[in-house]
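Novice: Numbering (the working numbering), first residue to last: -3 to 623.
Pasting a structure below so you can have a look.
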Amino acid sequence: MDRKEISFDDFDEIVNPAEEENDFDQVVEASISRRGLIGGALAFGSCAALCTTFTPNLVEAATNRFAFKAIAANSLDAITVPEGYIAEVVVRWGDPLWSDATDFNHATRGDAASQSRAFGDNIDGMEVFAHGDKSLLVVNNEYTNRSIIWGNRTDGKSETDDDVLKGKMAHGLSVIEIAQQDGKWSIVKDSPFNRRITPDSEMDLTGPAAGHDLLKTAADPTGTKSLGTWNNCGNGSTPWGTYLACEENFNGYFSAADEDHKVSAELKRYGISSKDWGYGWAKVDERFDVSKHPNEPNRVGYVVEIDPRDPNSTPKKRTALGRFKHENAEVVVNSDGHIVVYMGDDERGEFLYRYVSNGIYAPGGETDTLLEDGKLYVAKFHDSGAGEWLELTPKTTGMADMAEICIHTRIASSAVGATTMDRPEWVSAHPHTAEIYCALTNNKNRGIKPNAGGDLTPIDGPNPREANKFGQIVRWRPNGSDHTAKGFAWDLFVLAGNPKVHSDAKAGSKNITPDNMFNSPDGLNFDSTGILWIQTDGNYSNEKDFEGQGNNQMLAGDPVTGEIRRFLVGPKQCEVTGLTWSTDRRTMFVGIQHPGERGDSHWPEGGDAVPRSAVIAIRREDGQPVG
Ligand code: FEO
Ligand code: CA
Ligand code: CA
Ligand code: CA
-3 MDRKEISFDD FDEIVNPAEE ENDFDQVVEA SISRRGLIGG ALAFGSCAAL
47 CTTFTPNLVE AATNRFAFKA IAANSLDAIT VPEGYIAEVV VRWGDPLWSD
97 ATDFNHATRG DAASQSRAFG DNIDGMEVFA HGDKSLLVVN NEYTNRSIIW
147 GNRTDGKSET DDDVLKGKMA HGLSVIEIAQ QDGKWSIVKD SPFNRRITPD
197 SEMDLTGPAA GHDLLKTAAD PTGTKSLGTW NNCGNGSTPW GTYLACEENF
247 NGYFSAADED HKVSAELKRY GISSKDWGYG WAKVDERFDV SKHPNEPNRV
297 GYVVEIDPRD PNSTPKKRTA LGRFKHENAE VVVNSDGHIV VYMGDDERGE
347 FLYRYVSNGI YAPGGETDTL LEDGKLYVAK FHDSGAGEWL ELTPKTTGMA
397 DMAEICIHTR IASSAVGATT MDRPEWVSAH PHTAEIYCAL TNNKNRGIKP
447 NAGGDLTPID GPNPREANKF GQIVRWRPNG SDHTAKGFAW DLFVLAGNPK
497 VHSDAKAGSK NITPDNMFNS PDGLNFDSTG ILWIQTDGNY SNEKDFEGQG
547 NNQMLAGDPV TGEIRRFLVG PKQCEVTGLT WSTDRRTMFV GIQHPGERGD
597 SHWPEGGDAV PRSAVIAIRR EDGQPVG
């Protein structure tokens, strides 16, 4: 199969196949003995009954909390929103950030020089920051589709070093000032805040791992610096006004000139191999050759803190938050002032994490150590509906020190017996109650194959379906509403499915109907009113298991009643990801990633245009808030 048609995960599994465990029978046995539990989960799938005990604050349930009429699924090459709403493009891949930079060229798709001064590709997490009367939008540019960015070349492959560098410059982040005129938002070209952060931008490594031997490389013998960030997926933001970019599938950019080169077991756990995904960065930058620089991959896989208000600031990689395929970083200020960060590791059978700062946040006080000095935990879910956070320490993991735990975090979590999950994507905390939600997007290996570390993936409470195609959203409430507590209670907010095609567990929970069904929840974000927005990154074939589900989409969920309603449908072959609001809450900004990833879209410009990932602004015709 052509690599361009397979996901990061699938490529990683082909290069690095999971070994069948000797005790594989155990998995099968566990799956059978837990079948009863699936029935139980579906029986309580009436979220209304469950939520009543879970969410005592029912004030919000008194009224219909959705201000819009549901829209139908579709497979159009367009954005569809409900009647009374307007959706407009704000900025697209390749749009220049400065007036002396060149406009996007549909024939060539630009070059390295134009791309380095233009908006990056494939939008994921993003956040609006107010700065005086200005609005600064920070956006992750997760990756680029090779067949699109090099679509001017034979077979959609790079032909020159400049092609490779163009692809590299499409990665990273874009910081832009945006402004609204006659309702319409657009980029403020030449704003002093406009900035590209790329895989070549200098960053500091902070926290327990800074200076460790495993981080020392030819490019930085001190182990305290790092060049660049890439494959930033979801995001977070802090109460002190910084942005958190989360490095996810960082592995596939490394390769070795000698394809027979064998990497260490530690690198293998993270999917590093002698083969990259086809970006070819090692051809133009030797630090991506793991046979020559085996510590380079240890300098990526972190959460990166960025100050959007200071375009000259140096981003900081926060090693205390662990190294894994970070989806997003949901920051909560606990009632006692501790900073708590919830994070998922998005790979089949990987884990869910919590970080708790040792220090206390005080507005206006010192904040620099809050994300570099703290405790790291991993989640263990029990089928009883209880769960606990297992602290990762040298004692619990058998590892030498916190530096090693923060670099080889997956290995530490396997050592303590954390629960293997169905690909934890975004985590979002309810703005008014101590409830946290996490999208578990899907996992075709559930109950079938162990994870990359050999941990079994039996069918269990939060991951109740074998070869899970549709995904679910798990939520938990910390004991005593204390985000630093050891224990929590969990349940499932929704099991996605297709009740039109299936009548068993694949039909989904009771709050899934033929009118609101979807697959593969990914982006999650609460608005200020306590509505949970759900974005999907799933199968858009609209056939077989997915018949009637159409393109990827965005839905709104009510945590109190369990009701879910479709709000937006994206263009062909896109994923809907990234969500933030203007400071007056009258605009929501939504990301459209990889439209036409398999060659069948011309969104947003139409005609013969190259498809381009873009941020869209959605507002109401009557000017009322949208969350
Ligand atoms: Fe980049 Fe897990 O999504
Ligand atoms: Ca995602
Ligand atoms: Ca996804
Ligand atoms: Ca994606």
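C-beta atoms are modelled at their ideal positions from N, C-alpha and C, and glycine is treated no differently.
Given the structure is predicted, the values throughout are model-derived calculations rather than measurements.
Give every residue of the same chain whose Cβ lies closer than 7 Å to the Cβ of residue 215, excluding the five residues on either side of it in the sequence, and list them in chain order.
Specialist: Closer than 7 Å at the Cβ level, and outside the excluded window around residue 215, lie 223 and 283.
Novice: Does the beta-carbon of residue 636, which I'm using as the reference point, lie nearer than 7 Å to any heavy atom of ligand 1?
Specialist: Outside the modelled stretch of the chain, which goes from -3 to 623, sits residue 636, for which no answer is possible.
Novice: On the DSSP bridge assignment, give the partners of residue 89 in chain order.
Specialist: Beta-bridge pairing links residue 89 to no other residue.
Novice: Is residue 415 near ligand 3 - that is, is its Cβ less than 7 Å away from at least one heavy atom of it?
Specialist: Result no, Cβ not under 7 Å from ligand 3.
Novice: Which one of 368, 154, 145 and 124 has the shortest CA to CA distance from residue 189?
Specialist: For the residues 368, 154, 145 and 124, the minimum Cα distance to residue 189 belongs to 124.
Novice: How big is the Cα-Cα spacing for residue 250 and residue 135?
Specialist: Rounded to the nearest angstrom, the two C-alpha atoms are 24 Å apart.
Novice: Would you mind stating whether residue 270 and residue 281 have Cβ atoms separated by less than 8 Å?
Specialist: No, Cβ-Cβ distance for residue 270 and residue 281 is not below 8 Å.
Novice: Tell me the residue span of the alpha helix (DSSP H) that contains residue 573.
Specialist: Looking at the DSSP string, residue 573 is not in any alpha helix (DSSP H); the run it does join, the beta strand (DSSP E), is 571 to 577.
Novice: Could you tell me the alpha carbon to alpha carbon distance between residue 472 and residue 597, rounded to whole angstroms?
Specialist: The alpha-carbon atoms of residue 472 and residue 597 are separated by roughly 39 Å.
Novice: List, from N- to C-terminal side, the beta strand (DSSP E) runs of 3 residues or more that fit wholly inside the region 413 to 468.
Specialist: List check, beta strand (DSSP E) in window: 420 to 425 and 432 to 436.
Novice: Just to check, is the beta-carbon of residue 198 closer than 7 Å to a non-hydrogen atom of ligand 4?
Specialist: No, since every heavy atom of ligand 4 falls outside the 7 Å radius drawn around the Cβ of residue 198.
Novice: Taking the beta carbon of residue 101 as the centre, do at least 16 other beta carbons fall within 10 Å, making it buried, or is it exposed?
Specialist: Exposed.
Novice: Roughly how many angstroms lie between the CA atoms of residue 474 and residue 349, to the nearest whole one?
Specialist: So the alpha carbons of these two residues sit roughly 14 Å apart.
Novice: Does DSSP put residue 137 in a helix, in a strand, or in coil?
Specialist: In this structure, residue 137 counts as strand in the three-state DSSP scheme.
Novice: Answer yes or no: the CB of residue 306 versus the heavy atoms of ligand 1, is any distance below 7 Å?
Specialist: No, since every heavy atom of ligand 1 falls outside the 7 Å radius drawn around the Cβ of residue 306.
Novice: Please classify residue 617: is it buried, with 16 or more other beta-carbons within 10 angstroms of its beta-carbon, or exposed?
Specialist: Looking at its Cβ environment, which holds fewer than 16 other Cβ atoms inside 10 Å, residue 617 is exposed.
Novice: Return helix, strand or coil for residue 261, following the three-state DSSP convention.
Specialist: Helix at residue 261.
Novice: Residues in its own chain within less than 8 Å of residue 333 by CB, not counting five upstream and five downstream?
Specialist: Correct list, in chain order: 356, 357 and 358.
Novice: Kindly provide the ranges of any beta strand (DSSP E) runs that are 3 or more residues long and lie completely inside the region 297 to 335, ordered along the chain.
Specialist: For the region 297 to 335, whole beta strand (DSSP E) runs of length 3 or above, ordered along the chain, are 299 to 302, 312 to 314 and 322 to 329.
Novice: To which residues of the same chain is residue 446 closer than 7 Å at the C-beta, ignoring the five residues directly before and after it?
Specialist: These residues qualify, in order along the chain: 14, 17, 345, 452 and 453.
Novice: Out of 364, 294 and 421, state which residue places its alpha-carbon closest to the alpha-carbon of residue 326.
Specialist: Among 364, 294 and 421, the Cα nearest to that of residue 326 is on 421.
Novice: Would you say residue 507 and residue 558 are within 8 Å of each other, going by their C-beta atoms?
Specialist: Yes, Cβ-Cβ distance for residue 507 and residue 558 is below 8 Å.
Novice: For ligand 2, enumerate in chain order all residues having a CB closer than 5 Å to any of its heavy atoms.
Specialist: Answer in sequence order: 421 and 518.
Novice: Run the proximity test for residue 138: is its beta-carbon closer than 7 Å to any non-hydrogen atom belonging to ligand 1?
Specialist: Yes.
Novice: For residue 605, name the three-state secondary structure that DSSP assigns.
Specialist: The answer is coil: DSSP assigns residue 605 none of H, G, I, E or B.
Novice: First and last residue of the beta strand (DSSP E) that includes residue 517?
Specialist: That run of the beta strand (DSSP E) goes 517 to 522.
Novice: Say the cut is 7 Å; is the CB of residue 120 nearer than that to a heavy atom of ligand 3?
Specialist: Result no, Cβ not under 7 Å from ligand 3.
Novice: What do you get for residue 191, buried or exposed, if any count of 16 or more other CB atoms within 10 angstroms of its CB means buried?
Specialist: So residue 191 ends up on the buried side.
Novice: Please find out if some non-hydrogen atom of ligand 6 comes closer than 7 Å to the beta-carbon of residue 531.
Specialist: Judged by which ligands are present, ligand 6 is missing from the structure shown, whose ligands are ligand 1, ligand 2, ligand 3 and ligand 4.
Novice: Given 7 Å as the limit, tell me if residue 437 has its C-beta closer than that to any heavy atom belonging to ligand 3.
Specialist: Within the cutoff, so yes.
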